[in-house]
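Using my numbering, you'd call the opening residue of the sequence shown number 14 and step up by one each time. Here the structure comes first, spelled out in structure tokens, and everything after it is commentary.
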Amino acid sequence: MCGIVGYIGKNKAVNILLDGLKKLEYRGYDSAGIALYNDSDQKIIKSVGRIKNLEEKLNLSSLEKYKKGIAHTRWATHGAVTEENAHPHKVGSITLVHNGIIENADILREDLKEKGYQFKSDTDTEVVAALLDFNLEDDFLNTIEKTIKMLKGSYALGIITDQDKDYIYVVKKDSPLVIGINDEEKFFASDITAINTYTNHFIFLDDGEIAKINEKEVKIYQHLIEKNKDINTIDIDLESKNKNGYAHYMLKEINEEPIVLEKTLKPYLENIELLPNISDYSVIHIVACGSAMYAGMVAKYILEEKTNTEVIVDVASEYRYKNINYNRKTLVILISQSGETADTIAAMRFAKLKKQHTLAIVNVKTSTIAREADEVLFIEAGEEIAVATTKAYLLQVALLSLLCLKLAYDKKIITEITPYLNEFKILPKLVKEVIDKDSDYQKIAQEVYQKNNSFFIGRKIDYSYCLEGSLKLKEVSYIHSEAYQAGELKHGTISLIEKDMPVFGIITDHDIYEKTLSNIIEVESRGAKTIIITTDKLKTNRNLEIIVKDVSIYTQGILIVPTLQLISYYVALLRGCDIDKPRNLAKSVTVE
Ligand code: F6R
Numbered sequence: 014m015c016g017i018v019g020y021i022g023k024n025k026a027v028n029i030l031l032d033g034l035k036k037l038e039y040r041g042y043d044s045a046g047i048a049l050y051n052d053s054d055q056k057i058i059k060s061v062g063r064i065k066n067l068e069e070k071l072n073l074s075s076l077e078k079y080k081k082g083i084a085h086t087r088w089a090t091h092g093a094v095t096e097e098n099a100h101p102h103k104v105g106s107i108t109l110v111h112n113g114i115i116e117n118a119d120i121l122r123e124d125l126k127e128k129g130y131q132f133k134s135d136t137d138t139e140v141v142a143a144l145l146d147f148n149l150e151d152d153f154l155n156t157i158e159k160t161i162k163m164l165k166g167s168y169a170l171g172i173i174t175d176q177d178k179d180y181i182y183v184v185k186k187d188s189p190l191v192i193g194i195n196d197e198e199k200f201f202a203s204d205i206t207a208i209n210t211y212t213n214h215f216i217f218l219d220d221g222e223i224a225k226i227n228e229k230e231v232k233i234y235q236h237l238i239e240k241n242k243d244i245n246t247i248d249i250d251l252e253s254k255n256k257n258g259y260a261h262y263m264l265k266e267i268n269e270e271p272i273v274l275e276k277t278l279k280p281y282l283e284n285i286e287l288l289p290n291i292s293d294y295s296v297i298h299i300v301a302c303g304s305a306m307y308a309g310m311v312a313k314y315i316l317e318e319k320t321n322t323e324v325i326v327d328v329a330s331e332y333r334y335k336n337i338n339y340n341r342k343t344l345v346i347l348i349s350q351s352g353e354t355a356d357t358i359a360a361m362r363f364a365k366l367k368k369q370h371t372l373a374i375v376n377v378k379t380s381t382i383a384r385e386a387d388e389v390l391f392i393e394a395g396e397e398i399a400v401a402t403t404k405a406y407l408l409q410v411a412l413l414s415l416l417c418l419k420l421a422y423d424k425k426i427i428t429e430i431t432p433y434l435n436e437f438k439i440l441p442k443l444v445k446e447v448i449d450k451d452s453d454y455q456k457i458a459q460e461v462y463q464k465n466n467s468f469f470i471g472r473k474i475d476y477s478y479c480l481e482g483s484l485k486l487k488e489v490s491y492i493h494s495e496a497y498q499a500g501e502l503k504h505g506t507i508s509l510i511e512k513d514m515p516v517f518g519i520i521t522d523h524d525i526y527e528k529t530l531s532n533i534i535e536v537e538s539r540g541a542k543t544i545i546i547t548t549d550k551l552k553t554n555r556n557l558e559i560i561v562k563d564v565s566i567y568t569q570g571i572l573i574v575p576t577l578q579l580i581s582y583y584v585a586l587l588r589g590c591d592i593d594k595p596r597n598l599a600k601s602v603t604v605e
């Protein structure tokens with residue numbers, strides 16, 4: 014993962030780099046560092062922990078003279094969280110920041126050790142710095158070109174060489190990198206949000222391209238030949254950058270759900286034909302990671318039940334390593350909030366290589382997946398800052414569900430679409446009503462927050478909501494939780510049920526209501542404290558029960574999910590967790 018940012022221009026580099034690092038903290042936040050330069054002097058300062066630790070270590074007034082620098086926020090891959098392993102790394106004349114993973118770092122390190130290099134860190138990045146130093150030629154472009162040919166893996170590199178201190182060099186493969194342009198200053202970063210308060214002109218670097226940057230110009234090379242690149246103008250959304258009075262971004266983002274639902278669905282509800290007709294495909298593969306994959310699970314159950322379509326949902330980290338038979342017409346749907354998840358990008362490229370049509374559901378419009386997929390549908394979540402996804406997941410479910418409805422209509426399985434569309438139209442109002450029942454979620458949180466283990470059980474589509482509810486609870490509150498198909502529990506796992514263990518039962522499927530209820534009674538008989546989330550037509554009249562309006566399968570999940578998000582939020586709050594930045598996580602998982 015990790016985030017990198019760089020600056021060269023007429024202003025104080027340290028302030029711009031620190032600001033950029035804070036905005037990139039979502040990509041990793043276990044240590045950080047900064048390298049500052051001017052013609053005669055260089056400073057490298059690093060710290061473990063959050064960016065604020067680095068900031069406290071910097072004597073800002075003494076650093077104002079530096080007008081050039083590179084910086085890094087780390088999510089450890091190679092080596093523990095220590096200052097030695099934090100970036101930037103300097104070897105000989107090379108100073109480097111790196112996002113990605115160099116897969117052949119160990120072999121290269123051994124080779125470089127034989128050539129006399131000594132290493133201070135355990136990182137793959139220091140190996141790249143040493144390799145660049147070893148490969149030094151008069152023209153630094155040749156040095157980079159020679160070096161990247163020797164690297165396996167993914168990288169976005171920001172490089173400063175003592176040989177040529179007027180420039181910063183950047184190069185990338187399979188990790189994102191964007192360059193920001195103003196008249197007398199230039200920037201680079203892993204993500205435009207790190208630099209979009211300074212400029213709205215950007216160049217997106219493609220794999221294998223090298224950029225040579227000084228304050229006046231950016232030159233891009235591929236295979237050492239200079240090339241022209243488009244400059245994109247992208248305007249800034251500053252609105253999402255503050256908490257608007259909410260204690261946490263997670264709570265703010267849940268409360269934004271009615272608005273972003275309206276924004277995402279409106280064009281399609283006015284003209285459903287804006288959604289693609291996918292009725293020609295015999296098989297649909299839905300590929301994603303984490304919550305995005307769980308959104309795909311919701312769609313799978315709807316597609317199977319309502320559209321007679323064969324669907325495979327797979328985790329992106331495994332999809333491309335399988336022996337997949339594409340002998341029938343297959344649509345590959347990729348789902349990603351960030352559009353930068355390394356495994357999802359790799360799965361998309363795999364499907365494209367196999368000549369399959371790729372349809373992406375993405376939030377970030379400038380992302381790699383948005384740019385490379387054959388067809389893209391955007392959710393309009395705006396920026397999602399809390400590491401645990403809430404509003405983006407809900408929009409993924411909503412847009413996929415509408416796509417499922419359209420497919421049922423295109424396949425003539427339903428002849429009348431208007432009543433369903435009307436249900437989607439009132440969703441923002443219904444979701445707001447669900448969110449407003451704050452005290453109900455707080456009451457449940459009180460019952461749960463002191464426990465160490467929990468279960469979420471449900472059948473069929475309700476199981477897909479369980480997966481997301483369980484993930485949300487464990488990632489933000491650190492309570493261990495498992496999602497189970499309710500009928501499966503008694504095949505072993507029920508032995509874990511003990512007195513007062515919280516078991517969340519989700520029941521929205523009318524056809525199997527009695528079956529799920531029986532499973533709930535089974536765990537109650539063994540002492541579990543059950544919390545039921547159901548609809549006004551299926552209520553079980555238990556003490557701890559959340560009731561939402563009973564709607565069709567296409568929209569039901571959109572009312573269930575905010576209840577699970579809010580329960581997780583309030584449990585994490587009571588446990589004093591770092592809700593917006595849970596330990597060990599990062600918002601955008603850019604390593605495989
Ligand atoms: C969980 C969460 C993750 C992401 C997953 C995919 O709250 O946020 O599971 O859903 O890392 O990320 P994207 O959607 O950016 O590809």
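Every residue gets a Cβ at the ideal spot worked out from N, C-alpha and C, and that includes glycine.
Ordered along the chain, which non-local residues of its own chain (more than five positions away) have a Cβ less than 8 Å from that of residue i?
i: residue 106; result: 146, 149, 174, 175 and 176
i: residue 274; result: 407, 408, 411, 440, 441, 444 and 571
Do residue j and residue i come within 9 Å of each other at the CB atom, strictly closer than that value?
i: residue 88; j: residue 405; result: no
i: residue 20; j: residue 81; result: yes
i: residue 513; j: residue 542; result: yes
i: residue 326; j: residue 313; result: yes
i: residue 584; j: residue 461; result: yes
i: residue 502; j: residue 536; result: yes
i: residue 166; j: residue 118; result: yes
i: residue 31; j: residue 93; result: no
i: residue 2; j: residue 506; result: Outside the shown range of the chain, which is 14 to 605, sits residue 2, and nothing can be said about it.
i: residue 551; j: residue 563; result: yes
i: residue 234; j: residue 244; result: no
i: residue 347; j: residue 375; result: yes
i: residue 367; j: residue 337; result: yes
i: residue 198; j: residue 482; result: no
What's the C-alpha gap between residue i and residue j?
i: residue 139; j: residue 561; result: 54 Å
i: residue 438; j: residue 323; result: 28 Å
i: residue 569; j: residue 476; result: 13 Å
i: residue 558; j: residue 534; result: 14 Å
i: residue 565; j: residue 354; result: 32 Å
i: residue 154; j: residue 231; result: 14 Å
i: residue 364; j: residue 60; result: 41 Å
i: residue 136; j: residue 53; result: 28 Å
i: residue 123; j: residue 509; result: 48 Å
i: residue 186; j: residue 40; result: 17 Å
i: residue 292; j: residue 392; result: 22 Å
i: residue 317; j: residue 237; result: 51 Å
i: residue 70; j: residue 372; result: 46 Å
i: residue 57; j: residue 18; result: 14 Å
i: residue 589; j: residue 469; result: 23 Å
i: residue 280; j: residue 555; result: 40 Å
i: residue 540; j: residue 360; result: 44 Å
i: residue 494; j: residue 516; result: 9 Å
Excluding five sequence neighbours on each side, which residues of the same chain lie with their C-beta closer than 6 Å to the C-beta of residue i?
i: residue 200; result: 20, 193 and 208
i: residue 345; result: 298, 364, 369 and 371
i: residue 29; result: 20
i: residue 240; result: 233
Can you say whether residue i is buried or exposed, counting buried as having 16 or more other CB atoms within 10 angstroms of its CB?
i: residue 73; result: exposed
i: residue 548; result: buried
i: residue 504; result: exposed
i: residue 471; result: buried
i: residue 260; result: exposed
i: residue 189; result: buried
i: residue 164; result: buried
i: residue 287; result: exposed
i: residue 426; result: exposed
i: residue 246; result: exposed
Is any heavy atom of the ligand MN found at a distance shorter than 8 Å from the C-beta of residue i?
i: residue 484; result: With respect to the ligand MN, the structure offers nothing, as its ligand set consists of the ligand F6R.
Looking only at its own chain, which residues have a Cβ that is under 7 Å from the Cβ of residue i, when we skip the five neighbours before and after it?
i: residue 602; result: 14, 302, 354 and 355
i: residue 690; result: Because the chain spans 14 through 605 in this model, residue 690 falls outside it and cannot be assessed.
i: residue 95; result: 61
i: residue 156; result: 145, 148, 149 and 150
i: residue 401; result: 263, 485, 488, 489 and 595
* Do the region 441-454 and the region 296-308 make contact, defined as three or more Cβ pairs closer than 8 Å? -> no
* Mind the definition here: the region 453-460 touches the region 304-319 only if three or more C-beta pairs lie below 8 Å; say whether that holds. => no
* Asked: On the three-pair Cβ rule with 8 Å, is the region 393-404 touching the region 418-428?
  -> no
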